[in-house]
Amino acid sequence: MKFKAAASSAPEVDMTPMIDIVFQLISFFMVITNFEQTQADERVKLPADRLAKPAEVKRDNELVLNVGYKRDKDGNKTDPRALVFYAAQDIPVANIGPKLKIEQQVFKDTGVDLKEVTLIIRADAEVPAGLIQMLIKLSQEAGFEKFALKAKAEETAG
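Numbering (our numbering), first residue to last: 467 to 624.
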């Protein structure tokens with residue numbers, strides 16, 4: 467019996483499952499990525515310092531307060547008062563005390579000791595030091611004990 471050789475054809479690969487997997491991986495990594503800038507506020511222009519360096523490990527219990535000025539798109543101040551940008555509200559520094567009491571209560575309700583909470587202050591370079599001292603005093607009155615001030619690292623040439 468004679469067999470006829472079948473014409474060879476190049477195998478075709480269906481790429482649809484591969485594309486589905488790639489999109490699922492992209493979606494997965496976008497969801498789990500830790501966006502550190504979520505606590506940053508573009509209205510706050512941090513002071514630069516040669517000694518500033520990022521934290522080596524992320525703190526477990528922290529409260530971030532951004533202090534700065536309302537600015538226009540060119541970066542010019544539109545309001546001379548320094549404000550705390552807190553939960554989509556712009557609050558004068560002197561009026562932040564009640565909000566800090568609420569934060570204190572939230573930490574207590576979740577079983578976190580306030581001695582373990584670090585209050586991180588991200589202050590605009592133009593905010594007077596006296597206002598930052600007032601903010602720290604109000605925070606101490608609310609029960610917070612640990613503080614950290616943020617600055618951005620200066621770029622060093624070569």
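From the three backbone atoms N, C-alpha and C, an ideal C-beta is built for every residue, glycine too.
- For P558, the enclosing beta strand (DSSP E) stretches over residues Q555 to P558.
- When the alpha-carbon of A548 is set against those of L585, M496, D579 and A591, the nearest one is in A591.
- The residue from Q571, P558 and A471 with its alpha-carbon nearest to that of Y535 is P558.
- Residue environment: L491 is assigned as exposed (fewer than 16 neighbouring CB atoms within 10 Å of its CB, all protein chains considered).
- One thing to note: L529 has its Cβ no nearer than 8 Å to the Cβ of E478.
- Taken through DSSP and simplified to helix, strand or coil, T584 comes out as strand.
- Following the DSSP letters along the chain, one finds V593 in no beta strand (DSSP E), marked with neither H nor E.
- The count of Cβ pairs closer than 8 Å, one atom from the segment 540 to 547 and one from the segment 594 to 610, stays below three, leaving the stretches out of contact.
- One thing to note: F613 has its Cβ within 8 Å of the Cβ of L585.
- When the Cα atoms are used, N532 and S493 turn out to be separated by approximately 30 Å.
- Distance from the CA atom of Y552 to the CA atom of T482, rounded to whole angstroms, is 46 Å.
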